[in-house]
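The sequence shown begins at 0 in numbering that gives the first Met the number 0 and counts up by one.
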Amino acid sequence: MSEGDEGAALGGLEVWKRELNCKAEALVLEVFPRKGREMDDLMKSQFGMDRLPEIMAGSINSDTLRQRRNLMSCCSTSAEKVGDADNQDEISILCNKKLVEMNDLAMQLLHEMCENAGLLKKWLGFLIPRMEGGNNFGVSVQLKTLNEVCSVRKSTAVALQLLSRYYAMRAESIKKLLKHPGIEDYIFLIQSIDRRHFITIRIIVMALRNNYFGLNDHFLKNLELIRNPRSDNTQYLY
């Protein structure tokens, strides 16, 4: 690579770093408090506890109960097993649509937080200088901040996996109900899965709210040290 090409590459990197810096600071200072308020509003509206009866009304719908009654009738009048493929081909069970809508929205919010945390992680990585013999207090603030961002990103990824497992768990319970329609406990199991998942979504959105406000607060208190870790005007880490 010629000196001209190398200089152009370095210049392009610096431009990208400046753009990244602007995006990251706008995130923590402007976007995060707005997103925190948005999560708080969602906790009181779409994810409010007063929606639980509405969500549970769609847990075991009339279509599911009708299929169960038909299968119980089939069991009493036919020698065929309920689990046969011929019987299963005729069965179509609806999901809990309102809960699925909530789940999809929560996953969208989690994806957004993952992307935001990834951008901050990249930004902090460029800001952290080499550790030296002294005056590393500001660097330690940067490293603590990076650890907090990584922790938020990791917990967000775990929450995404948790929401994804809901479908497999519920489908397996529906399958067991249709295979053994005479066991009423499977109805209560499905209702329990839906109720628990509704609460799980609320907890996840609450954690998103706390993370947005928490990161915003941390950056507000330590932004100067994060920007300039080796400045002479050190301050306490909050």
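From the three backbone atoms N, C-alpha and C, an ideal C-beta is built for every residue, glycine too.
Check: Three-state secondary structure (DSSP) at leucine 118?; Outcome: helix
Check: Is the distance from the Cβ of phenylalanine 125 to the Cβ of lysine 16 below 8 Å?; Outcome: yes
Check: Go ahead and label valine 148 buried or exposed: buried means 16 or more other beta carbons lie within 10 angstroms of its beta carbon, across all protein chains shown.; Outcome: buried
Check: With respect to the alpha helix (DSSP H) encompassing valine 27, which residues constitute its N-terminal and C-terminal limits?; Outcome: From DSSP, valine 27 is part of no alpha helix (DSSP H); its letter is neither H nor E.
Check: Compare the beta carbon distance of valine 140 and leucine 19 with 8 Å and say whether it is the shorter of the two.; Outcome: no
Check: For isoleucine 127 and leucine 142, which I take to be in contact (beta-carbon distance under 8 Å), what is that distance rounded to the nearest angstrom?; Outcome: 7 Å
Check: Report buried or exposed for serine 44, applying the criterion of at least 16 other Cβ atoms within 10 angstroms of its Cβ.; Outcome: exposed
Check: Please classify glycine 181 as buried or exposed, where buried requires at least 16 other C-beta atoms within 10 Å of its C-beta.; Outcome: exposed
Check: What's the C-alpha gap between methionine 48 and cysteine 94?; Outcome: 20 Å
Check: Tell me which same chain residues have a C-beta within less than 8 Å of the C-beta of lysine 120, skipping the five on either side of it?; Outcome: Leu145, Val148, Cys149, Arg152
Check: Report all residues from its chain with a CB closer than 7 Å to the CB of isoleucine 173; omit the five preceding and five following residues, and keep chain order.; Outcome: Ile92, Ile189
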